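K.L.:
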Amino acid sequence: MKISSNFDSGNIEVVSIEENGIINLRIPKDTNSDFFQWFHFRLTEAIDIACTINILNAGESTYPEGWDNYHACVSYDRVDWFRVPTTYENGVLTIEYMPSNNSVYFAYFAPYSYESHLQLVHNAQLSDLCQTEVIGETVEGRDIDMLIIGDEGVGDNVWIIGRQHPGESMAEWFIHGVIDRLLDESDSIAQKLLERCCFYIIPNMNIDGSIAGNLRANAAGANLNREWQSPSMERSPEVFNCLKRMEEVGVDLLLDIHGDEAIPYNFVAASEGIPSYNLSLKNLEEKFKNHWMDICPDFQDEHNYGPDQPGQANLTVCSNAIAEKFGCLSFTIEMPFKDNDDLPDPLYGWSAERSILLGESVLNPIYHVLDDLDF
C-alpha cells in the first residue's frame with residue numbers, strides 16, 4: 000500500500016502503513032500558518048483490502064467540530080466523489096473503506112483543480128458576453144483571473160468572488176454554476192440581468208493556497224478574509240488588487256462565496272453589524288433571502304452564525320468591509336462540507352453538483368432585488 004499527495008491540492012503526511020490495512024496519517028499545516036483541515040491524497044496498491052485510515056491530529060485541526068457527522072469524499076475517476084463511512088472519536092478521524100480498484104483518491108471535499116479553473120476561465124471567454132482580465136498576481140506570481148460578463152458601465156456592478164479560503168472548493172463549484180447560467184443565452188433571467196448589470200467574477204481568489212492544499216491561508220500565511228481593511232502587496236496582493244479594481248468601477252452588490260466546516264446547511268452572513276447599517280439595507284437583505292428560500296429549498300435562514308451586534312461587525316471581513324465602504328448589499332454565502340440536513344443525500348452529501356445548482360439559483364434573488372440596489 001502507498002499514500003501520495005504530490006499533486007495539485009494534495010495534502011497529507013504519512014505516519015505509518017501496516018500490512019493489515021491500518022494507515023495512520025496527519026494533516027500538515029497551511030503554508031506559513033497554523034491553519035489545517037484540508038486533506039487530499041491518493042491510495043494505491045490496496046485493492047480489496049479493508050483499510051482503516053486514521054487521521055491522528057484531526058482533533059487539533061482548525062475546526063474540530065467540523066468532524067462530527069462528517070463523511071470523507073472518495074473518487075476513482077476524480078469526477079464522481081461519493082461519501083464513505085467515517086467516524087470521529089478521541090481526536091482521531093477514521094475512514095473505513097475497501098478499494099475496488101488499485102488507485103483511489105480521498106479528499107475533504109470534491110476538489111476544484113487549477114487545471115479546471117483555467118478551463119473554466121478560457122471556456123467562458125469564448126462567449127461574446129464575457130471577457131477575461133488579469134487583475135494582478137498572487138504572492139507566488141500566478142495570475143488572478145477575473146471574468147467580466149456583460150457590458151461595463153451599463154447598470155449595476157455585481158461582484159462575485161470565491162475561494163478566499165482555498166480549501167472551500169465548493170465555492171468555485173458554486174461560481175461555475177453562476178457562470179454557466181449567465182452565459183446561457185436561452186436563459187431569460189440571465190438575459191434580463193445582463194441588460195441591467197455587469198458581473199465581475201473572480202472564481203478563485205487564492206490560487207497559491209488552492210494548489211498547496213491549504214485550508215485558509217495564501218502563500219504568505221494570510222487569511223485573505225481578514226485582510227480587507229488594510230491589504231498589502233506583500234502579504235495579501237490578492238485582496239489588494241481586487242479592492243483596487245472595485246474602487247475603479249464601484250460595487251452595487253457583492254457575494255463572497257465560502258464553505259463552513261461545522262454547520263450542515265446553506266446560509267448567508269449579512270452586514271447588520273456595520274456602522275452605517277440602516278432599515279433600508281435590512282429590508283433589502285430580507286427581500287433577497289426570502290426570495291432565495293422561496294425558489295430554492297437548498298437555502299435556508301434559520302441555522303447560521305447569528306447576527307452581529309450593532310456597530311460590532313468585523314470590518315476586516317470582506318462582506319462587512321465592502322458593505323460599509325460602498326454602501327451596498329453584501330453577503331457571505333456559506334455551504335456545508337458535510338451535507339444539507341434539510342435535504343440529506345447519504346451517498347454524496349453536499350456535493351460539487353449541488354454547489355453548481357445553488358450557484359445557478361442565486362441569479363433569481365439577484366434579479367429580484369435589482370430595482371432596490373440603489374437604496
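Reading the sequence shown from the start, the letters are residues 0 to 374 in numbering that gives the first Met the number 0.
Here a beta-carbon is modelled for each residue, glycine too, at the ideal position from N, C-alpha and C.
These numbers were taken from a predicted model, which means no experiment stands behind them.
How is Asn-163 classed by DSSP in three states: helix, strand or coil?
P.N.:
Note that residue 163 is Gln in the sequence shown here, rather than Asn. Looking at Gln-163 - three-state DSSP - the assignment turns out to be coil, as it is neither helix nor strand.
K.L.:
I'd like to check one pair, Ala-322 with Gly-272: are the Cβ atoms closer than 7 Å?
P.N.:
No; because the gap between Cβ atoms is not below 7 Å, this pair is not in contact.
K.L.:
Closest to Asp-47 by C-alpha separation, out of Met-0, Phe-173, Asn-23, would be which residue?
P.N.:
Per the Cα distances, Met-0.
K.L.:
On the DSSP letters alone, give me the boundaries of the beta strand (DSSP E) that Glu-95 sits inside.
P.N.:
Here the beta strand (DSSP E) through Glu-95 covers 91 to 96.
K.L.:
Would you kindly work out how many angstroms separate the C-alpha atoms of Ser-15 and Phe-40, rounded to a whole number?
P.N.:
Rounded to whole angstroms, Ser-15 to Phe-40 spans 15 Å at the Cα level.
K.L.:
What does Phe-198 pair with, by DSSP beta-bridge criteria?
P.N.:
Bridge partners of Phe-198: Ile-148, Val-157.
K.L.:
Which partner residues of Asn-23 appear in the DSSP bridge assignment?
P.N.:
Partner(s): Ser-15, Asn-53.
K.L.:
Taking 8 Å as the cut-off, does the region 159 to 167 touch the region 214 to 234 (at least 3 CB pairs, one atom from each stretch)?
P.N.:
Contact holds: three or more Cβ-Cβ distances are below 8 Å.
K.L.:
Can you tell me whether Ser-168 is buried or exposed, with buried defined as 16 or more other CB within 10 angstroms of its CB?
P.N.:
Buried is the call here.
K.L.:
Beta carbon of Ala-189, beta carbon of Arg-180: below 7 Å?
P.N.:
Yes, they are a contact pair.
K.L.:
Within 10 angstroms of the Cβ of Leu-193, are there 16 or more other Cβ atoms? Answer buried if so, exposed if not.
P.N.:
So Leu-193 ends up on the buried side.
K.L.:
Give the DSSP-derived three-state secondary structure of Asp-259 in the structure shown.
P.N.:
Residue state, collapsed to three classes: strand.
K.L.:
Can you look up Gln-130 in the DSSP assignment and give me helix, strand or coil?
P.N.:
Strand, per DSSP.
K.L.:
If contacts are defined as beta-carbon pairs under 8 Å, then Gly-176 and Gly-358 qualify, I think. What distance do you get, rounded to the angstrom?
P.N.:
With a Cβ gap of about 3 Å, Gly-176 and Gly-358 count as contacting.
K.L.:
Taking the beta carbon of Arg-77 as the centre, do at least 16 other beta carbons fall within 10 Å, making it buried, or is it exposed?
P.N.:
By the neighbour-count rule (16 or more Cβ atoms within 10 Å), Arg-77 is not buried but exposed.
K.L.:
How about Ile-332 and Leu-254: are their beta carbons less than 7 Å apart?
P.N.:
Cβ atoms of Ile-332 and Leu-254: closer than 7 Å.
K.L.:
With DSSP as the reference, label Ser-329 as helix, strand or coil.
P.N.:
Looking at Ser-329 - three-state DSSP - the assignment turns out to be strand.
K.L.:
Between Glu-132 and the rest of its own chain, which residues show a CB-CB distance below 7 Å, the 5 nearest in sequence each way excluded?
P.N.:
Once the five neighbours on either side are set aside, the close Cβ partners of Glu-132 are Met-145, Ile-147.
K.L.:
Please classify His-121 as buried or exposed, where buried requires at least 16 neighbouring CB atoms within 10 angstroms.
P.N.:
By the 10 Å Cβ count, His-121 comes out exposed.
K.L.:
By a C-beta neighbour count over all protein chains shown, 10 Å radius and 16 as the cutoff for buried, is Leu-42 buried or exposed?
P.N.:
Buried, since its Cβ has 16 or more Cβ neighbours within 10 Å.
K.L.:
With Asp-341 and Gln-299 assumed to form a contact (beta carbons below 8 Å), what rounded beta-carbon distance in angstroms separates them?
P.N.:
At roughly 6 Å, the Cβ-Cβ gap stays under 8 Å, so Asp-341 and Gln-299 are in contact.
K.L.:
How close, in whole Å, do the beta carbons of Asn-10 and Gly-220 come, if the pair is a contact with beta carbons under 8 Å?
P.N.:
The pair is not a contact, with the Cβ atoms about 15 Å apart (cut-off 8 Å).
K.L.:
Quick one: give me the first and last residue of the alpha helix (DSSP H) that Lys-243 is part of.
P.N.:
Residues 236 to 248.
K.L.:
Based on DSSP bridge pairs, tell me the residues matched to Arg-82.
P.N.:
Cys-72.
K.L.:
Mapping DSSP to helix, strand and coil, what is Phe-105?
P.N.:
Phe-105 falls in the strand class under three-state DSSP.
K.L.:
Going by beta carbon distance, what residues of the same chain come within less than 7 Å of Leu-92, once the five residues before and after it are set aside?
P.N.:
So the list reads Ile-54, Ala-57, Trp-66, Thr-85, once near-sequence residues are dropped.
K.L.:
Is the beta carbon of Gly-249 less than 7 Å from the beta carbon of Asn-156?
P.N.:
Going by C-beta atoms, Gly-249 is nearer than 7 Å to Asn-156.
K.L.:
Spell out the partners DSSP gives Phe-298 in its beta bridges.
P.N.:
DSSP lists Asn-265 as partners of Phe-298.
K.L.:
Using CA atoms only, rank isn't needed, just tell me which of Pro-309, Glu-352, Glu-284 is closest to Ile-365.
P.N.:
Closest by alpha carbon: Glu-284.
K.L.:
I need the straight-line Cα distance from Pro-274 to Ala-320, nearest angstrom please.
P.N.:
Near 10 Å, if we compare the C-alpha coordinates of Ala-320 and Pro-274.
K.L.:
To the nearest angstrom, how far is the alpha carbon of Phe-336 from that of Lys-281?
P.N.:
Each residue's alpha carbon lies about 28 Å from the other.
K.L.:
Using three-state DSSP, classify Asp-142 as helix, strand or coil.
P.N.:
Three-state result, Asp-142: strand.
K.L.:
Could you give the DSSP three-state label for Met-334: helix, strand or coil?
P.N.:
Here Met-334 sits in strand by DSSP.
K.L.:
From the DSSP output, in three-state form, read off Ser-8 for me.
P.N.:
In this structure, Ser-8 counts as coil in the three-state DSSP scheme.
K.L.:
From which residue to which residue does the beta strand (DSSP E) around Leu-119 run?
P.N.:
No beta strand (DSSP E) holds Leu-119; the alpha helix (DSSP H) holding it covers 113 to 123.
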